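Trainee: Each position in the sequence shown, counted from 1, maps to that position plus 458 in our numbering.
For each residue, glycine too, the CB sits at the ideal point set by N, CA and C.
Keep in mind the model is a prediction, meaning the values are calculated, not measured.
Below are the C-alpha cells for one structure; questions will follow.
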Amino acid sequence: MTAAGASTAPAPVGNGVVMDCQLQKVFYGDFLAVRDSSLPLEKNKITGFIGPSGCGKSTGLRSLNRMNDLIPAFRFEGKVTYHGQDIYDKKVDPAVVRR
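This is the structure we're talking about:
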C-alpha cells in the first residue's frame with residue numbers, strides 16, 4: 459500500500475483527497491495481514507491495487523468498506539476517513555459506509 463520509504467503520515471487537507479486510509483495493523487486472529495500502509499484516495503482519480511497473492515490487497519480493500527467487520531477474528535488498528543469522517547467511529551453504521 460505504501461512505496462518503500464514513503465511516509466505514512468495523513469494526507470494534507472485540501473489537496474483533493476476524499477478518503478485517507480492509515481492502516482497501521484490489520485489482524486485475523488493472531489495473524490498480522492497488513493501493517494504500516496497509507497493510501498490517500500483523490501477525487502476523480504483512478505486507483506488500482508496490484509501485487510502478488512497474499513500481499514494484503516483484498517484485506518486492505520475490505521478494510522476501506524468495513525466488510526471485514528463481519529469476520530469475528532478481525533481486528534483493525536488505524537484510521538480511515540471519508541470526507542473527514544472516521545468510518546470506524548462507533549456512531550457510523552457500516553451498512554451506510556458500504557453504499
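Rounding to the nearest angstrom, what Cα-Cα distance links Lys549 and Gly512 in this structure?
Mentor: 32 Å
Trainee: How should Arg524 be labelled, buried or exposed, when 16 other C-beta atoms within 10 angstroms of its C-beta is the threshold for buried?
Mentor: buried
Trainee: Starting from the N-terminal side, write out each stretch of the beta strand (DSSP E) that is 3 residues or longer and does not extend beyond the stretch 501-547.
Mentor: 532-540
Trainee: On a CA-only basis, which of Leu519, Met477, Gly487 and Val476 is nearest Arg533? Give me that one, please.
Mentor: Gly487
Trainee: Please check the pair Arg493 and Gln480, which I expect to be a contact at CB under 8 Å, by giving their CB distance rounded to whole angstroms.
Mentor: Rounded, the Cβ-Cβ distance is 12 Å, inconsistent with contact.
Trainee: To which residues of the same chain is Val555 closer than 7 Å at the C-beta, ignoring the five residues directly before and after it?
Mentor: Hits under 7 Å: Asn523, Arg524 and Ile545.
Trainee: Out of curiosity, what's the CA-to-CA distance linking Val476 and Ser521?
Mentor: 16 Å
Trainee: Shortest alpha-carbon distance to Thr505 belongs to which of Asp478, Phe485 and Leu490?
Mentor: Minimum Cα distance to Thr505 is reached at Asp478.
Trainee: Along the beta strand (DSSP E) that carries Val475, what are the first and last residues, could you check?
Mentor: Val475 to Tyr486
Trainee: Determine the DSSP secondary structure at Val550, reduced to helix, strand or coil.
Mentor: coil
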